[in-house]
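Undergrad: One structure follows; several queries about it will come next.
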Amino acid sequence: MNWFQRLSKTQRMEKELDAELRFHFETQVADKIREGLSEADARRATRLEFGGLAQIKEDCRESRGTLWLVSIVQDLRFGARILARSPGFSFTAIVVLALGIGVSTLAFSLYNIAALQSIPVRDPATVVRIQRRSPENITPGVPYASIAFYRDNAKSLSAVMATMSAAPLVLNQDEKRIGATFVSSNYFSGLGGSAAAGRLFDETRDDSASAPVCVLSFRLWQRKFGGDPSIVGKSIHLGGRPATVIGVASETFASLGTDDPDLWLPLLQHSYFVEGSKPLADSNFDGLIEMWGRLAPGVSMTNAEQELLSLTDQLRKLYPAVIWDHEYIVVTPGAHFFQFEGGPGSPPVLPLVGLLVFLILAIACANLGGLLLARGAGRQREIQLRFDLGARKLRVFRQLLTENLLLGLLGSVAALPLSYGVLRLVLVYSSAPSWMSALPDWRVFLFTTAMGFVAALLFGFLPTLQMVRRKKNRSLWHQFVVCAQVGASCVLLILAGLLVRATLHTLYSDPGFAYEQVLSIDPGMSEHGFTPAQAKAYLDQLQNRLRALPGVTTVSIAKIPPLVNTEVMITSIDVDGRRVMIYPNWVSPEFFQTMRIPLLRGRYFQAGEKNAVILSQSLARKRWPADDPIGKQWKNGKDIVIGVVGDTRAMELNNTDATEIYYPPTADDFPGMSVLVRAAGDPNTLTPAIKAIAGSIDTGLFPTITPLTAGFRKNVSQAEQVAAIISLLGGIAIFLAVVGLFGLVSFAVSQRTKEIAIRLALGANHARILSVVLRRFAWPVLVGLIAGVASTACLSQILRRVLYGISGLDPISYVGAMAVLLAILTAAASLPIRRAFQLDVARTLHFE
Amino acid sequence: MTTPSKFDLPQGTLDLLILRVVALEPIHGYAIAQRIQMISKEALQIQQGSLYPALHRLENKNFLVAEWGPTETGREAKFYRLTAKGRTQLKTETESWERLTEVVAMILQHPLGERS
Numbered sequence: 001m002n003w004f005q006r007l008s009k010t011q012r013m014e015k016e017l018d019a020e021l022r023f024h025f026e027t028q029v030a031d032k033i034r035e036g037l038s039e040a041d042a043r044r045a046t047r048l049e050f051g052g053l054a055q056i057k058e059d060c061r062e063s064r065g066t067l068w069l070v071s072i073v074q075d076l077r078f079g080a081r082i083l084a085r086s087p088g089f090s091f092t093a094i095v096v097l098a099l100g101i102g103v104s105t106l107a108f109s110l111y112n113i114a115a116l117q118s119i120p121v122r123d124p125a126t127v128v129r130i131q132r133r134s135p136e137n138i139t140p141g142v143p144y145a146s147i148a149f150y151r152d153n154a155k156s157l158s159a160v161m162a163t164m165s166a167a168p169l170v171l172n173q174d175e176k177r178i179g180a181t182f183v184s185s186n187y188f189s190g191l192g193g194s195a196a197a198g199r200l201f202d203e204t205r206d207d208s209a210s211a212p213v214c215v216l217s218f219r220l221w222q223r224k225f226g227g228d229p230s231i232v233g234k235s236i237h238l239g240g241r242p243a244t245v246i247g248v249a250s251e252t253f254a255s256l257g258t259d260d261p262d263l264w265l266p267l268l269q270h271s272y273f274v275e276g277s278k279p280l281a282d283s284n285f286d287g288l289i290e291m292w293g294r295l296a297p298g299v300s301m302t303n304a305e306q307e308l309l310s311l312t313d314q315l316r317k318l319y320p321a322v323i324w325d326h327e328y329i330v331v332t333p334g335a336h337f338f339q340f341e342g343g344p345g346s347p348p349v350l351p352l353v354g355l356l357v358f359l360i361l362a363i364a365c366a367n368l369g370g371l372l373l374a375r376g377a378g379r380q381r382e383i384q385l386r387f388d389l390g391a392r393k394l395r396v397f398r399q400l401l402t403e404n405l406l407l408g409l410l411g412s413v414a415a416l417p418l419s420y421g422v423l424r425l426v427l428v429y430s431s432a433p434s435w436m437s438a439l440p441d442w443r444v445f446l447f448t449t450a451m452g453f454v455a456a457l458l459f460g461f462l463p464t465l466q467m468v469r470r471k472k473n474r475s476l477w478h479q480f481v482v483c484a485q486v487g488a489s490c491v492l493l494i495l496a497g498l499l500v501r502a503t504l505h506t507l508y509s510d511p512g513f514a515y516e517q518v519l520s521i522d523p524g525m526s527e528h529g530f531t532p533a534q535a536k537a538y539l540d541q542l543q544n545r546l547r548a549l550p551g552v553t554t555v556s557i558a559k560i561p562p563l564v565n566t567e568v569m570i571t572s573i574d575v576d577g578r579r580v581m582i583y584p585n586w587v588s589p590e591f592f593q594t595m596r597i598p599l600l601r602g603r604y605f606q607a608g609e610k611n612a613v614i615l616s617q618s619l620a621r622k623r624w625p626a627d628d629p630i631g632k633q634w635k636n637g638k639d640i641v642i643g644v645v646g647d648t649r650a651m652e653l654n655n656t657d658a659t660e661i662y663y664p665p666t667a668d669d670f671p672g673m674s675v676l677v678r679a680a681g682d683p684n685t686l687t688p689a690i691k692a693i694a695g696s697i698d699t700g701l702f703p704t705i706t707p708l709t710a711g712f713r714k715n716v717s718q719a720e721q722v723a724a725i726i727s728l729l730g731g732i733a734i735f736l737a738v739v740g741l742f743g744l745v746s747f748a749v750s751q752r753t754k755e756i757a758i759r760l761a762l763g764a765n766h767a768r769i770l771s772v773v774l775r776r777f778a779w780p781v782l783v784g785l786i787a788g789v790a791s792t793a794c795l796s797q798i799l800r801r802v803l804y805g806i807s808g809l810d811p812i813s814y815v816g817a818m819a820v821l822l823a824i825l826t827a828a829a830s831l832p833i834r835r836a837f838q839l840d841v842a843r844t845l846h847f848e
Numbered sequence: 849m850t851t852p853s854k855f856d857l858p859q860g861t862l863d864l865l866i867l868r869v870v871a872l873e874p875i876h877g878y879a880i881a882q883r884i885q886m887i888s889k890e891a892l893q894i895q896q897g898s899l900y901p902a903l904h905r906l907e908n909k910n911f912l913v914a915e916w917g918p919t920e921t922g923r924e925a926k927f928y929r930l931t932a933k934g935r936t937q938l939k940t941e942t943e944s945w946e947r948l949t950e951v952v953a954m955i956l957q958h959p960l961g962e963r964s
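Taken in sequence, the protein lines are chains Z and F. Take the first sequence: its position 276, counted from the start at 1, is 276 in my numbering, and no numbers get skipped. One rule links them: number in my numbering = place in the second sequence (from 1) + 848.
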């Protein structure tokens, strides 16, 4: 009989065991009656001799050896019943656990996708990434000359591939640029990629020698060409240069590394697509070309490293300037999305994230432990009863642990969909490669289950031990937990408040300029190698044509169009030892009318004027608090202040301290300038006309046209997202704190039920009792609040720049957050006490 | 009434006694206890709390098999019977017990064993 058969026969055996013992009992009674005892006496005597019948049965079961399994099933069933009996507790516990385990599962899933899962290529185990290192240098790139040399000479590699990401390219006339990667012609064949349409690059055909070609990604094919197979063989324009589409990679094709381009171009045609570049011929061109390889059969990565190192020594003789001193080659697994390399000096990201995640789990478990402790106090009677019936300590302990384990596993089960959902959002929002799936694989399942066990041990072991030992506990630890929780919730809640208020402030306050009807036109001249003279000619022509366009009120040029640029410049001056940060901009005279920035003193620039600057009001006041700034010399003495204009938050909406300085553009600035157009009506209706004008002036340029409102919305939505995330975190922190405090107060109340009953019996009023019980928690809560407020006040100074003009000490946010927190905590704490007030005084005292 | 056994049985001895008693004929639990008590002239009283776990242990080790049958009074009882494996076990256990008692007696009776 194996254990399974035994288990299935358990029911019968139980019956038989019962019958066997009953037979013994009855026979013994019968014998005693025969000896002359009355039946009642005989029964009583026999019962005494027998002792605990349940105990004998349990011992018999144990000696059958099936017990561990039967009893675990039994314990699980019992545990499930117990959990089902108090759904409120179970639900809270599972949610707490799901949060704690979910965070760690999410972190692990991300790590799993990035570093553990192989990308879907043929034979991923032999794909390697090859990088050069020296004691002084770390770079992901390898010069093309070295790659070619290794490719021709390395016997440990059956194939060598090279990739190089390109700057975003304009596809045909689209505004949205696309990502492209240059790859060696064996890239697709080396990875075992297949085509969804047409064909892929093919080393045997030597595409590089033919006319320019490209391979589309499945995603771009669908998005841009509607999955039309007739695109193959057609010509598209990339950065203004025609290239023939030879095929589409299959949907499942995965790129090497973190690149996920929209299309691939042959590396050997690089200088066609990027004019003037010579990455292949110039042996000093470095840093962008990445090298990949496939290990020859039976070769290990160490073997390959050794061979490549000896080849490097030969290379040094060929290109002494390119090869570093003590250069060596590092070969790592290549078929992973990302590699966590612990180079010297790099922050230990993995351990830090691991620690953080574990800390979150620990906090969740600490709270749950408190709740469990409180429940344990309530179950004391049940456990006492079991001991009285002859249960052994170990057995009860095991039963309680099984219950915790069940809870832990339920937490894991709840954590999986939670982490899945968040991971999906993350993948979608980060536009991850299509092969990445949020669905948990076996590693994630294993990890989550393991975390369920760990959590069960963390939250369950001590309270359970305490329950079994039947000891009372009143430790400093609880107070510390409350304190830390309240502090953390306080920080998050205040930050959430600040950020929400800041977002509202940005939305409903005047940025100092009018952006609603302005378009920014970035011709991208510097990328196309315009000289200053060419750029000036182009800008003049474009401006003149635009001014003539109906519906356009003003046109101007600026080096840094407000709100649109992701990068801004900052300079600074020292005024009496204090540093003042300044946003400079180079603008034409009409800029101020276009942006509706008021002139407060002096005058605007005149056309062609040099050595003049215009300051914003706050800058003028900071530099010359008492004097009239007009006519003063700025900084180096060459530039004269000719005007003062209103303050704006043009460069960073969130920075109310911003001060600006405006210069007239110099010749060198022209290739980098953008054109700003103010429309009389809806600016978007002008876009086609602007495109047409730009195209008629220069067919090679593809200006990026962006309404400033889009930039404004982007700025605000970033702030909104941060606020939403912080609010969510704040909510979670409060939830955890509530669970923790509720548990601890419940525990405290249950420990003092008798005292409360006596006080009630003696006629004490409720408020007095409330204060007596809660006094123990008042201090930790108070300390937590103070610590939370203090740390937020410090933190908010760092956060100033994202606070959009709200003071880091904004009283409404602080007081509001504290009030909310206190209200929630009071509710959490008074619930168990309220319950205690309803207890039946007489019964309680009698029972005790 | 509830006279505890006069002395504690050494570990494992109960199993040997049970095997010995069951070896005579198929017998139920109550009768095993009675018989041991009778043969030992009331010196050994087997508690139910140790008898039945021992029986189940032996059955689990396949030294005993059990089947249900009627007793002389007509009640259904679980009768234990020795298996071939149990018989071998009884033999080896008996031999080792005899050797043990012999050795223990030898040492206890040795005159040099006592210090004067």
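We put the CB at the ideal spot given by N, CA and C, even for glycine.
Roughly how many angstroms lie between the CA atoms of residue 294 of chain Z and residue 300 of chain Z, to the nearest whole one?
TA: Computed Cα separation, rounded: 11 Å.
Undergrad: What's the C-alpha gap between residue 433 of chain Z and residue 81 of chain Z?
TA: Each residue's alpha carbon lies about 45 Å from the other.
Undergrad: Give me the residue from Z:135, Z:134, Z:163, Z:118 with the minimum Cα distance to residue 127 of chain Z.
TA: Nearest C-alpha to residue 127 of chain Z: Z:118.
Undergrad: Between residue 97 of chain Z and residue 455 of chain Z, which are expected to be in contact by the criterion C-beta below 8 Å, what is the C-beta distance as a whole number of angstroms?
TA: Rounded, the Cβ-Cβ distance is 6 Å, consistent with contact.
Undergrad: Suppose you measure from the CA of residue 344 of chain Z to the CA of residue 500 of chain Z; what does that come to, to the nearest Å?
TA: Because residue 344 of chain Z carries a pLDDT of 49, less than 50, the predicted location of this residue cannot be relied on, and no value is offered for it.
Undergrad: Hey, is residue 71 of chain Z's beta-carbon within less than 7 Å of any beta-carbon in chain F?
TA: Not an interface residue.
Undergrad: Where residue 91 of chain Z and residue 452 of chain Z are concerned, what is the direct C-alpha to C-alpha distance, given to the nearest angstrom?
TA: The straight-line gap from Cα to Cα measures roughly 16 Å.
Undergrad: Could you check the C-alpha separation between residue 642 of chain Z and residue 336 of chain Z for me, to the nearest Å?
TA: One C-alpha to the other measures close to 59 Å.
Undergrad: On the three-state DSSP scale, how would you describe residue 766 of chain Z?
TA: DSSP places residue 766 of chain Z in helix when its eight states are reduced to three.
Undergrad: Would you say residue 878 of chain F lies against chain Z (beta-carbon separation less than 7 Å)?
TA: So, interface residue.
Undergrad: What did DSSP end up calling residue 237 of chain Z once you bin it into helix, strand or coil?
TA: Strand.
Undergrad: If I follow the unbroken alpha helix (DSSP H) through residue 152 of chain Z, where does it start and stop?
TA: Where residue 152 of chain Z is concerned, the enclosing alpha helix (DSSP H) stretches over 144-153.
Undergrad: If you reduce the DSSP assignment to three classes, tell me which class residue 216 of chain Z lands in.
TA: In the structure shown, residue 216 of chain Z sits in a strand (DSSP, three-state: E or B).
Undergrad: Counting Cβ pairs closer than 8 Å, one from the region 623-631 of chain Z and one from the region 668-677 of chain Z, do we hit at least three?
TA: Because the criterion of three Cβ pairs below 8 Å is not met, the region 623-631 of chain Z and the region 668-677 of chain Z do not touch.
Undergrad: Does the CB of residue 38 of chain Z have a neighbour CB from chain F at under 7 Å?
TA: So no, residue 38 of chain Z is outside the interface.
Undergrad: State the start and end residues of the unbroken alpha helix (DSSP H) segment that holds residue 943 of chain F.
TA: 932-957 is the extent of the alpha helix (DSSP H) around residue 943 of chain F.
Undergrad: Let me know the secondary structure DSSP gives residue 189 of chain Z once reduced to three states.
TA: Three-state result, residue 189 of chain Z: helix.
Undergrad: Have a look at the DSSP bridge pairing and note the partners of residue 264 of chain Z.
TA: Z:181, Z:215, per the DSSP bridge assignment.
Undergrad: Taking the straight line between their C-alpha atoms, what separation do you get for residue 134 of chain Z and residue 309 of chain Z?
TA: Taking the straight line from one Cα to the other gives about 12 Å.
Undergrad: Could you give the DSSP three-state label for residue 49 of chain Z: helix, strand or coil?
TA: Three-state result, residue 49 of chain Z: helix.
Undergrad: Would you say residue 41 of chain Z reaches chain F, if we count a Cβ-Cβ gap shorter than 7 Å as a contact?
TA: Residue 41 of chain Z does not count as touching chain F.
Undergrad: Smallest Cα separation from residue 15 of chain Z: which of F:926, F:956, F:949?
TA: Per the Cα distances, F:926.
Undergrad: Could you have a look at residue 325 of chain Z and say whether DSSP puts it in helix, strand or coil?
TA: Of the three classes helix, strand and coil, the one that applies to residue 325 of chain Z here is coil, per DSSP.
Undergrad: If distances are taken between C-alpha atoms only, which option among F:936, F:868, F:912 comes closest to residue 884 of chain F?
TA: Closest by alpha carbon: F:868.
Undergrad: Could you name each continuous alpha helix (DSSP H) segment of 4 residues or more that falls completely within the region 604-688 of chain Z, going from the start of the chain to the end?
TA: As far as the region 604-688 of chain Z is concerned, its whole alpha helix (DSSP H) runs of at least 4 residues are 617-623.
Undergrad: Could you name the residues of the same chain whose beta carbon sits closer than 7 Å to that of residue 137 of chain Z, not counting the 5 residues immediately before and after it, in chain order?
TA: For residue 137 of chain Z, where only same-chain residues beyond five positions count, the Cβ hits under 7 Å are 324.
Undergrad: Between which two residues does the alpha helix (DSSP H) containing residue 761 of chain Z stretch?
TA: It spans 753-761 - the alpha helix (DSSP H) in which residue 761 of chain Z sits, taken as one unbroken run.
Undergrad: In this structure, how does DSSP classify residue 926 of chain F when only helix, strand and coil are distinguished?
TA: Three-state result, residue 926 of chain F: strand.
Undergrad: Find out if the Cβ-Cβ distance for the pair residue 103 of chain Z, residue 357 of chain Z is shorter than 7 Å.
TA: Yes, the pair counts as a contact, with Cβ atoms nearer than the cut-off.
Undergrad: Could you have a look at residue 403 of chain Z and say whether DSSP puts it in helix, strand or coil?
TA: Helix at residue 403 of chain Z.
Undergrad: Residue 55 of chain Z versus chain F: which residues are under 9 Å apart at the beta carbon?
TA: Correct list: 897.
Undergrad: Since I believe residue 740 of chain Z is in contact with residue 374 of chain Z (beta carbons under 8 Å), could you give me their beta-carbon distance rounded to a whole number of angstroms?
TA: 10 Å between Cβ atoms; not a contact.
Undergrad: So, does the CB of residue 89 of chain Z fall closer than 7 Å to a CB anywhere in chain F?
TA: Cβ-Cβ to chain F under 7 Å: no for residue 89 of chain Z.
Undergrad: If we count the other Cβ atoms within 10 Å of its Cβ and call it buried at 16 or more, is residue 723 of chain Z buried or exposed?
TA: Flag for residue 723 of chain Z reads buried.
Undergrad: Could you name the residues of chain C that residue 50 of chain Z contacts, counting a contact when the two beta carbons are closer than 7 Å?
TA: The chain inventory of the structure shown lacks chain C, comprising the protein chains Z and F.
Undergrad: Which residue from Z:402, Z:445, Z:789 puts its Cα closest to that of residue 459 of chain Z?
TA: Comparing Cα positions, the closest option is Z:402.
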